[in-house]
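A.B. asks: Numbering (our numbering), first residue to last: 8 to 279.
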């Protein structure tokens with residue numbers, strides 16, 4: 008695949024020491040120096056730590072609900088007023104687990120929401136005042152493609168130590184993110200949709216958002232490294248393989264995830 012030639016470094020690690028678990032979201036105030044215009048509308052972030060600013064919960068696609076459920080991600084709606092980007096978006100639907108503090112509310116047995124396709128940007132405090140753009144790192148969380156969320160990760164240490172712009176994302180999980188079924192075929196207009204790999208399509212949509220918007224945050228859209236652990240590593244392998252992600256990233260780091268392939272017939276036999 009031609010895009011693989013752009014992958015200049017492929018490292019396999021077992022841990023990610025610089026992205027650490029966050030225990031809570033403290034009250035935050037808009038930092039007036041963090042106003043940024045995205046293609047969807049203006050956003051403003053906050054002072055994350057001494058040397059880091061952050062923008063949280065930015066939609067990169069429309070809520071995948073109703074007619075958009077089990078479909079490729081659609082563009083996010085635009086907005087005119089300044090959007091405070093001060094808190095993480097909702098995790099995608101999943102069963103309760105140690106990575107999510109939320110508890111299910113009866114009669115539900117799950118946590119999270121279907122309206123979950125958001126991303127977060129962490130950057131050095133002076134990023135918007137620099138003359139040159141910074142490398143971009145794009146983090147894909149693990150969790151077996153059935154659990155996990157971007158709110159579990161604090162991007163500050165990595166950004167501060169390596170002077171990069173970091174993007175973390177949510178993507179659809181479980182049966183909302185990975186389900187191929189003949190009953191869903193009607194209305195699915197592409198082979199990508201028919202594959203049932205909606206979570207992967209979400210990740211690709213987030214990478215397209217990076218290409219369209221990251222320059223406004225001080226990031227270099229021509230220097231994007233995708234990295235992930237466990238299922239995030241497996242999803243990174245998938246991005247390397249698919250032509251749909253061609254040109255959206257330039258380097259990849261696979262941390263403990265391995266690529267496993269399943270043919271469509273076997274996938275449907277499991278779902279039916």
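For each residue, glycine too, the CB sits at the ideal point set by N, CA and C.
Can you give the Cα-Cα distance for residue 156 and residue 138, rounded to whole angstroms?
C.D. replies: Within the chain shown, the letter at position 149 stands for residue 156. Within the chain shown, the letter at position 131 stands for residue 138. For residue 156 and residue 138, the distance between alpha carbons rounds to 33 Å.
A.B. asks: Does DSSP put residue 147 in a helix, in a strand, or in coil?
C.D. replies: What you label residue 147 is simply residue 140 of the chain shown in a count that begins at 1. Strand, per DSSP.
A.B. asks: Name the DSSP bridge partner or partners of residue 91?
C.D. replies: The residue given as residue 91 occupies position 84 in the chain shown. Beta-bridge pairing links residue 91 to 51.
A.B. asks: Can you check which of these residues, 209, 65, 235, 265, is closest to residue 81 by C-alpha distance?
C.D. replies: Within the chain shown, residue 81 is the residue found at index 74, counting from 1. Looking at the Cα atoms, 209 is the closest of the given residues.
A.B. asks: Take residue 195 as the anchor and find which of 35, 65, 77, 58 has the nearest alpha-carbon.
C.D. replies: Working through the chain shown from its first residue, we reach residue 195 at position 188. If we check each option's Cα against that of residue 195, 77 comes out closest.
A.B. asks: For residue 62, name the three-state secondary structure that DSSP assigns.
C.D. replies: On the chain shown, residue 62 is found 55 positions in, with the first residue counted as 1. In this structure, residue 62 counts as strand in the three-state DSSP scheme.
A.B. asks: Beta-carbon within less than 7 Å of residue 140's beta-carbon, same chain only, minus the 5 sequence neighbours each way: which residues are those?
C.D. replies: Numbered from 1 along the chain shown, position 133 holds the residue referred to as residue 140. Counting only Cβ-Cβ distances below 7 Å, and skipping sequence neighbours, we find 222, 225, 226, 227.
A.B. asks: Using a Cβ distance threshold of 8 Å, determine whether the stretch 51–60 contacts the stretch 121–137, with at least three qualifying pairs required.
C.D. replies: yes
A.B. asks: Within the continuous beta strand (DSSP E) that includes residue 175, where are the two ends?
C.D. replies: Taking the chain shown and counting its residues from 1, the one referred to as residue 175 is at position 168. Taken as a continuous stretch (DSSP letters only), the beta strand (DSSP E) holding residue 175 covers 172–176.
A.B. asks: Based on Cα-Cα distance, which residue from 93, 103, 35, 200 lies nearest to residue 71?
C.D. replies: Along the chain shown, read from residue 1 onward, the residue named residue 71 stands at position 64. The residue with the shortest Cα to Cα distance from residue 71 is 200.
A.B. asks: My understanding is that residue 230 touches residue 185, with C-beta atoms under 8 Å, so please give their C-beta distance in whole angstroms.
C.D. replies: On the chain shown, residue 230 is found 223 positions in, with the first residue counted as 1. On the chain shown, residue 185 is found 178 positions in, with the first residue counted as 1. That belief does not hold up - the Cβ atoms of residue 230 and residue 185 are roughly 30 Å apart, past 8 Å.
A.B. asks: Please name the residue in 181, 203, 180 whose C-alpha comes closest to that of residue 190.
C.D. replies: One-based indexing of the chain shown puts residue 190 at position 183. Checked all of 181, 203, 180; the closest Cα to residue 190 is 203.
A.B. asks: Where in the stretch 80–133 do unbroken runs of the beta strand (DSSP E), each at least 3 residues long, occur, reported from the N-terminal end onward?
C.D. replies: Runs found: 125–131.
A.B. asks: Assign residue 266 to buried or exposed, taking buried as 16 or more other Cβ atoms, counted over all protein chains shown, within 10 Å of its Cβ.
C.D. replies: Locating residue 266 in the chain shown gives position 259, counting from the first residue. Residue 266 is exposed by the Cβ-count criterion.
A.B. asks: Starting from residue 152, trace the alpha helix (DSSP H) both ways and give me its first and last residue.
C.D. replies: Taking the first residue of the chain shown as 1, we reach residue 152 at position 145. Element bounds for residue 152: n/a, residue is neither H nor E.
A.B. asks: Using CA coordinates, which residue listed in 233, 173, 178, 136 is at the minimum distance from residue 125?
C.D. replies: The residue labelled residue 125 in the question sits at position 118 within the chain shown. Nearest option by C-alpha distance: 178.
A.B. asks: Quickly, what does DSSP pair residue 258 with across the bridge? List them, please.
C.D. replies: Stepping through the chain shown from its first residue, residue 258 is reached at position 251. Its beta-bridge partners are 232.
A.B. asks: What are the partner residues of residue 226, as DSSP defines its beta bridges?
C.D. replies: Mapped onto the chain shown, residue 226 falls at position 219. Answer is 141, bridged to residue 226.
A.B. asks: Smallest Cα separation from residue 164: which of 55, 48, 41, 43?
C.D. replies: Your numbering for residue 164 matches position 157 in the chain shown. When each option's Cα is compared against that of residue 164, the closest is 55.
A.B. asks: Would you give the residue range spanned by the alpha helix (DSSP H) that residue 190 belongs to?
C.D. replies: As a working note, residue 190 is residue 183 in the chain shown. Unbroken run through residue 190: none, as it is neither H nor E.
A.B. asks: Please look up how many angstroms separate the CB atoms of residue 99 and residue 180, rounded, as I've assumed it's under 8 Å.
C.D. replies: In the chain shown, counting from the first residue as 1, residue 99 sits at position 92. In the chain shown, counting from the first residue as 1, residue 180 sits at position 173. Correct: roughly 5 Å between the Cβ atoms.
A.B. asks: Give every residue of the same chain whose Cβ lies closer than 8 Å to the Cβ of residue 52, excluding the five residues on either side of it in the sequence, and list them in chain order.
C.D. replies: Here residue 52 refers to the residue found at position 45 of the chain shown. For residue 52, the CB contacts under 8 Å within the same chain, skipping 5 residues up- and downstream, are 37, 38, 41, 43, 60, 61, 62, 63, 92, 93, 128 in chain order.
A.B. asks: Just verifying my parser: in three-state terms, what is the DSSP assignment at residue 44?
C.D. replies: To locate residue 44, count along the chain shown from 1; it is residue 37. Reduced to three states, the DSSP call for residue 44 is strand.
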